[in-house]
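A.B. asks:
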Amino acid sequence: MLILLALVSAWIALAQELSFAEFHKNNLRNSLSVAEQSASNLLRHFNGTRVPGSKESKEMQDFIKKYFRDVLNNDWSVETDSFEENGFNFTNLVFTPMHGESYLVIAAHYDTKIDPPGFIGAMDSGASCAVLLYVAKFIDHILTVDKDLLEPLLLGSQVGLKIVFFDGEEAINQWGPYDSIYGSKHLARKWEKLGILNSIDLFVLMDLLGSKEQQPVHSYYRSSHRHYAALSQIEDWIGGTQTKWLDPAERKYVQLNDPIIDDDHRPFYEAGVSILHLIPFPFPATWHTLDDDFDNLDEGSIQKWALMMSQFVLDFLRY
Ligand SMILES: [Zn+2]
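If you use mature numbering (1 follows the signal peptide of the UniProt record, and there is no 0), the sequence shown corresponds to residues -15 to -1, 1 to 304, in order.
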């Protein structure tokens, strides 16, 4: 009987893996392609400017909202957090497929710098936003074919998921505490009032990913180091790029345990939320230049991030 049970559970695990492999085989390449012009390519939508309050920013918001509403099958609730500051209109978008007693939050910013004109922020952070859209599709697939898979495997409370697209990360004039991360500061204040901040188990921020330059992504915070190590293990399974990005044995930054890189995580960090900051350091050389374009994106790296984050989210919700 025990042998039979073991065989059955091994078979179920194998069937799940095969069904995920099938999903990625059917979706990964055409969803995250640098050159492909088809409608299914999520990445190509980020090949343009997205300055806060602009027509292009509004079009991007409409595209993201329509994607969650019409392309995905399940009921993703949308939270639109709009406000005005410094003469600009900002809008954060948050999507929740499932509620829980606590939450995993995964986030990136979709806005682009005003200066230099024509800056499209391919890696800052168009590619990360496209990866978030892909992860949403993966989770949506699981909700459609095997909803129970997203429930905790061991005894424990249900963890919910929130996917956040921040506006106004970039400075309007010059980076400083009062001129940057407009969207994340606003959402953190709002969530504090609503009591959501206290229920965030982990806040994962993706930024400057997907460049042709393969810079290391360090572990920056003690509280999330075990999650960083879990993601590194997923990277080992996937392989795919010549260099490995994550290295849990390298503790140069995690021992500082300090927000040395200012970004959208800061208001959440200051409120005591555990942060996993996925950002390469040093920054790729194209950072904040017009060369941060599609010519300098690496499709293979973006697809690898999509696979890594899909598995990471699934594991986080289950274990
Ligand atoms: Zn930037």
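Ideal Cβ placement from N, Cα and C applies to all residues, glycine included.
Give the single residue among Ala115, His210 and Lys178 whose Cα lies nearest to the Cα of Lys237.
C.D. replies: Ranking the options by Cα distance to Lys237, first place goes to His210.
A.B. asks: In chain order, which beta strand (DSSP E) runs of at least 3 residues are fully inside the stretch 177 to 236?
C.D. replies: 185 to 191
A.B. asks: Less than 6 Å separating the Cβ of Asn12 from some heavy atom of ligand 2?
C.D. replies: Annotation note on ligand 2: not contained in the displayed structure, which lists ligand 1 as its ligands.
A.B. asks: Return the CA-CA distance between Leu13 and Ala6, expressed in angstroms with no decimal places.
C.D. replies: 10 Å
A.B. asks: Tell me whether Asp248 counts as near ligand 1, meaning its Cβ is closer than 6 Å to at least one heavy atom of that ligand.
C.D. replies: Flag unset: Cβ of Asp248 not near ligand 1.
A.B. asks: Taking C-alpha atoms, which residue in Asp152, Asp221 and Leu231 lies nearest to Phe75?
C.D. replies: Asp152
A.B. asks: By the three-class DSSP mapping on this structure, what secondary structure does Leu118 have?
C.D. replies: helix
A.B. asks: Give every residue of the same chain whose Cβ lies closer than 7 Å to the Cβ of Gly33, excluding the five residues on either side of it in the sequence, and list them in chain order.
C.D. replies: Glu41 and Ile105
A.B. asks: Give me, in chain order, the residues of the same chain whose beta-carbon lies closer than 6 Å to that of Gly8; leave out the 5 immediate sequence neighbours on both sides.
C.D. replies: This sequence places Phe at residue 8; Gly is not what is there. These residues qualify, in order along the chain: His126.
A.B. asks: So for Asp60, helix, strand or coil by DSSP?
C.D. replies: coil
A.B. asks: For ligand 1, is there a heavy atom less than 6 Å away from the beta-carbon of Asp276?
C.D. replies: no
A.B. asks: Please tell me whether, using a cut-off of 6 Å, the distance from the CB of Val155 to the nearest non-hydrogen atom of ligand 1 is below it.
C.D. replies: Before going on, a small fix: residue 155 reads as Glu here, not Val. At least one heavy atom of ligand 1 is nearer than 6 Å to the Cβ of Glu155, so yes.
A.B. asks: Would you say the beta carbon of Asp152 comes nearer than 6 Å to a heavy atom of ligand 1?
C.D. replies: no
A.B. asks: Assess, as a yes-or-no matter, whether the stretch 91 to 107 is touched by the stretch 20 to 27 under the definition of 3 or more beta carbon pairs within less than 8 Å.
C.D. replies: no
A.B. asks: What are the boundary residues of the alpha helix (DSSP H) that Val298 is part of?
C.D. replies: Here the alpha helix (DSSP H) through Val298 covers Glu284 to Arg303.
A.B. asks: Whole angstroms is fine: what's the gap from Ser87's alpha carbon to Leu292's?
C.D. replies: 24 Å
A.B. asks: For Asp109, is the classification buried or exposed, using 16 other Cβ atoms within 10 angstroms of its Cβ as the cut-off for buried?
C.D. replies: buried
A.B. asks: Ligand 1 heavy atoms versus the CB of Asp109: any closer than 6 Å?
C.D. replies: yes
A.B. asks: Determine contact between the stretch 228 to 237 and the stretch 200 to 219, defined as no fewer than three beta-carbon pairs at a distance below 8 Å.
C.D. replies: Judged by pairs of C-beta atoms under 8 Å, the stretch 228 to 237 touches the stretch 200 to 219, as three or more such pairs exist.
A.B. asks: Can you tell me the Cα-Cα spacing of Ala215 and Gly195, whole angstroms?
C.D. replies: 20 Å
A.B. asks: If you run the structure through DSSP and keep just helix, strand and coil, what is Glu136?
C.D. replies: Glu136 falls in the coil class under three-state DSSP.
A.B. asks: Based on Cα-Cα distance, which residue from Asn15, Glu69, Asn58 and Tyr52 lies nearest to Val79?
C.D. replies: Closest by alpha carbon: Tyr52.
A.B. asks: Straight-line CA distance for Val19 to Asp277?
C.D. replies: 13 Å
A.B. asks: Taking 7 Å as the limit between beta carbons, can you name the residues of its chain near Lys229, skipping five residues before and five after?
C.D. replies: Glu220
A.B. asks: Counting only the same chain and skipping the five closest in sequence on each side, list residues whose C-beta sits under 7 Å from that of Leu231.
C.D. replies: Val202, Tyr213, Leu216, Ser217 and Glu220
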